[in-house]
Amino acid sequence: MASNRLPLAPAVGAALLVAVPLILPDWMKFLVTLAMAKFMAVLAVALFLRANQVTFGHAMFYAVGAYTVGFGVKWFGLRDMVLLVPLGALLGAAVAALIGLVMARYREVFFAMLNLAFSMMLYGVLLKLYWLTGGTDGLSAGAPTFLGYAPPREYLRDFLYYATLGVTGIVIYAVYRFLASPLGFYLKAMADNEIRIEYSGESVRHVMYTTYVLSGALAGVGGVLAAFTVGHIVPEYSFWIQSGDFVFVALLGGYGSVVGPLVGSIAFEFIRTYASKYFPNEWQMMLGIIMLAIILFRPGGLWTIYEGLAARFGRRESEAERA
Amino acid sequence: MPEAPILQTVDLTKSFGMVRAADAINVAIGAGELVGIVGANGSGKTTFLNIITGYLRPDRGRVLFLGEDRTGLPPRVVTKLGIARSFQIPQLYTSLTVLESLLLSLAAEAGQGTGFWQPLYRREWTEEGLATLERFGLRSYAHRPVSELPEGGRKLLDIALSFALRPKLLLMDEPTSGVSIEDKFQVMDTLMKIVEETRLTTIFVEHDMEVVQRYGRRVLAFNDGKVIADGTPQAVLADPEVRKAVLGRV
Numbered sequence: 000m001a002s003n004r005l006p007l008a009p010a011v012g013a014a015l016l017v018a019v020p021l022i023l024p025d026w027m028k029f030l031v032t033l034a035m036a037k038f039m040a041v042l043a044v045a046l047f048l049r050a051n052q053v054t055f056g057h058a059m060f061y062a063v064g065a066y067t068v069g070f071g072v073k074w075f076g077l078r079d080m081v082l083l084v085p086l087g088a089l090l091g092a093a094v095a096a097l098i099g100l101v102m103a104r105y106r107e108v109f110f111a112m113l114n115l116a117f118s119m120m121l122y123g124v125l126l127k128l129y130w131l132t133g134g135t136d137g138l139s140a141g142a143p144t145f146l147g148y149a150p151p152r153e154y155l156r157d158f159l160y161y162a163t164l165g166v167t168g169i170v171i172y173a174v175y176r177f178l179a180s181p182l183g184f185y186l187k188a189m190a191d192n193e194i195r196i197e198y199s200g201e202s203v204r205h206v207m208y209t210t211y212v213l214s215g216a217l218a219g220v221g222g223v224l225a226a227f228t229v230g231h232i233v234p235e236y237s238f239w240i241q242s243g244d245f246v247f248v249a250l251l252g253g254y255g256s257v258v259g260p261l262v263g264s265i266a267f268e269f270i271r272t273y274a275s276k277y278f279p280n281e282w283q284m285m286l287g288i289i290m291l292a293i294i295l296f297r298p299g300g301l302w303t304i305y306e307g308l309a310a311r312f313g314r315r316e317s318e319a320e321r322a
Numbered sequence: 000m001p002e003a004p005i006l007q008t009v010d011l012t013k014s015f016g017m018v019r020a021a022d023a024i025n026v027a028i029g030a031g032e033l034v035g036i037v038g039a040n041g042s043g044k045t046t047f048l049n050i051i052t053g054y055l056r057p058d059r060g061r062v063l064f065l066g067e068d069r070t071g072l073p074p075r076v077v078t079k080l081g082i083a084r085s086f087q088i089p090q091l092y093t094s095l096t097v098l099e100s101l102l103l104s105l106a107a108e109a110g111q112g113t114g115f116w117q118p119l120y121r122r123e124w125t126e127e128g129l130a131t132l133e134r135f136g137l138r139s140y141a142h143r144p145v146s147e148l149p150e151g152g153r154k155l156l157d158i159a160l161s162f163a164l165r166p167k168l169l170l171m172d173e174p175t176s177g178v179s180i181e182d183k184f185q186v187m188d189t190l191m192k193i194v195e196e197t198r199l200t201t202i203f204v205e206h207d208m209e210v211v212q213r214y215g216r217r218v219l220a221f222n223d224g225k226v227i228a229d230g231t232p233q234a235v236l237a238d239p240e241v242r243k244a245v246l247g248r249v
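Sequence order for the protein chains is L and V.
Position one of the first sequence corresponds to residue 0 (numbering that gives the first Met the number 0), numbered consecutively onward.
Position one of the second sequence corresponds to residue 0 (numbering that gives the first Met the number 0), numbered consecutively onward.
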């Protein structure tokens, strides 16, 4: 009954990601690295979409991660990725733990807009505190080290790529476990019925809060990796358009699974690159058309195309077995 | 009554504007009792449950559970203390499967509802969950989405979710409302068998006299927020005042 061919696809996908630096040109390597970094912030947004909550402010935790690198390099001479990735997660979680005290009380439009409000406050601060943040000039990340080892310049992109891929693997595993846990199921159940959760003796606010802290950590890690990939850290990391992109990508890839946002994130970077290359003035219209098509025809996101195929192949095979 | 009551209400009073939904209700429920509450629409039956579970705060009076004053605690805390309820309109997780919904109750009961690393599907919970579903006659729906359940099944699952919390007191609000006449007694038979087997102290609200007569061992009749009769089904349902209030005729 189980189909053996298509569930191999994730393994093939993983193998492709491992092989990317060997087969693709540098600019594509860069694109995929950035896509994997942003994926973690997209995943943070996708968690809340499962509970039917939209956030237009998660770029703030992405910015927290990025500025962790910026400040680390500028003030503390910290440039080791193995140190900065967990530090970014920790600081993202810490900021989320603070803001989450407020956010866990709100839902829907208020949740969406309050997140936006906090992210824009952070944007304002990053912009104004020139002496600390460099204002619009931003900060530079420089070349990272890996456990003290500084890779030669020509291999730096590959090191960065594989480090990001490794972190991506850890994040996928961790979020997968989270979603399979009681709290992960309560998160989904929240969208159906908060009353029943309270009448089971569990606190919906606690579910929201825990998820919020996790989402802060995820976006924080994404920010650290993006900062090293791009090399330059500016207040735009916290800008509301960046938050909007995360929501866009979550819908594009599909938030019903952990891999959907990764597929969406990679697709998004390529769509944006090609669209702005071939339609330099209308590329945003392209994104609009694609979003429209997704919502009309594939409301579950790109990932459901694969799921649909897997189901169909599975059926065909089981029919073949029976015949 | 040999032991101290599990639940006792003292002088419970609650008004909504000019309407007295609860008017000085004094009731004591002993361990292992099976109590049916009858009354016409708007007689204050559901308000009574809502006050006990902390959904509503009374204007006056107290709720004692296991001898302790628990008035005004929120539903979440009241549930943790051991009072579980089901709803007139089933409160379900429509996007989860039937089994997953039940597993969430078992996780909550085990104090692991906020765990975010160990999986929800654990062997011991799955086994217990399937056994509970078997008991409620829902085993064949275990892996189907809740949204596919027929109405009778929805009512049963709503009660099963509360039952799985292993409460000391189970409150059921109109377990047969919305269930077809043919299925009504089957649903009640299923429920009462479970209640008998587990000796679970149970209060059920019902506007159908026939159901109360058949299944209640003690019946409380409500009218205008007051308890107008309390006793065996035969005695209460023979009371002319009750017949007038509930049936509209003597």
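No residue lacks a Cβ here, since even glycine has one placed at the ideal position from N, Cα and C.
A quick note: this is a predicted structure, and the numbers were derived from the prediction, not measured.
- For L:G307, no Cβ of chain V is located within less than 8 angstroms of the residue's own Cβ.
- As DSSP reads the structure, L:L121 sits in no beta bridge.
- V:T200 carries a strand assignment under DSSP once its states are collapsed to helix, strand and coil.
- The residue from V:P239, V:D68 and V:T45 with its alpha-carbon nearest to that of V:I5 is V:D68.
- Put simply, of V:I36, V:G31 and V:K13 the residue whose alpha carbon is nearest the alpha carbon of V:V226 is V:I36.
- Following the DSSP letters along the chain, one finds L:T167 inside the alpha helix (DSSP H) bounded by residues L155 to A179.
- When the alpha-carbon of V:V97 is set against those of V:V76, V:M17 and V:R153, the nearest one is in V:R153.
- In this structure, DSSP gives V:Q7 an extended state, which the three-state scheme calls strand.
- Distance from the CA of V:L80 to the CA of V:T200, rounded to the nearest whole angstrom, comes to 14 angstroms.
- Within the DSSP secondary-structure output, V:P144 pairs in a beta bridge with V:T96.
- Residue-level contact by beta carbon fails for L:G263 and chain V, as no gap is shorter than 8 angstroms.
- Nearest CB-CB separation between V:R75 and chain L: below the 8 angstroms threshold.
- At a beta-carbon threshold of 8 angstroms, the residues of chain V lying near L:A179 are P118, L119 and Y120, ordered along the chain.
- Spanning the alpha carbons of V:L95 and L:S139 requires a straight line of approximately 47 angstroms.
- Relative to L:F158, the option among L:Y172, L:F245 and L:F227 whose CA is nearest is L:F227.
- Using a Cβ-Cβ distance cut-off of 8 angstroms, the segment 110-126 of chain V and the segment 56-64 of chain V are not in contact, since fewer than three pairs of beta carbons, one from each stretch, lie closer than that value.
- The C-alpha of L:I293 lies about 55 angstroms from the C-alpha of V:L11.
- Judged by DSSP secondary structure, L:M207 falls within the alpha helix (DSSP H) whose first and last residues are V203 to V229.
- Taking 8 angstroms as the CB threshold, L:R195 lines the interface with chain V.
- If you draw a 10 Å sphere on the C-beta of L:K187, you find 16 or more other C-beta atoms in it, and that means buried.
- Per the DSSP secondary-structure output, V:S85 pairs in a beta bridge with V:M171.
- Here L:M290 is exposed. Its C-beta has fewer than 16 other C-beta atoms within 10 Å.
- Around the C-beta of L:R152, fewer than 16 other C-beta atoms lie within 10 Å, and the residue is accordingly described as exposed.
- Residues of chain L with a Cβ closer than 9 angstroms to the Cβ of V:L95 are, in chain order, F184, K187, A188 and D191.
- Under the 8 angstroms Cβ criterion, the segment 79-93 of chain L does not count as touching the segment 261-276 of chain L, having fewer than three qualifying pairs.
- L:S237 carries a helical assignment under DSSP once its states are collapsed to helix, strand and coil.
- Taking the Cα of L:G123 as reference, the smallest distance to any Cα among L:Y175, L:W239, L:T54 and L:V68 is reached at L:W239.
- For V:T78, the residues of chain L that pass the 7 angstroms Cβ criterion are Y198, S199 and G200, in the order they occur in the chain.
- Not flagged as an interface residue toward chain V: L:T303, since no C-beta distance is shorter than 8 angstroms.
- Of the residues L:V53, L:N51 and L:A36, the one whose Cα lies closest to the Cα of L:A65 is L:A36.
- When secondary structure is reduced to three states using DSSP, V:D238 falls in the coil class, being assigned neither helix nor strand.
- In its chain, beyond the 5 residues on either side, no residue has a beta carbon closer than 7 angstroms to the beta carbon of L:L82.
- Around L:R176, the beta-carbon contacts reaching into chain V at under 9 angstroms are F115, W116, Q117 and P118.
- Taking a C-beta distance under 8 angstroms as the contact criterion, L:S180 and V:G114 qualify as a contact pair.
- DSSP lists no beta-bridge partner residue for V:N49.
- Partner residues in the beta bridge of L:L138, as assigned by DSSP, are L:I232.
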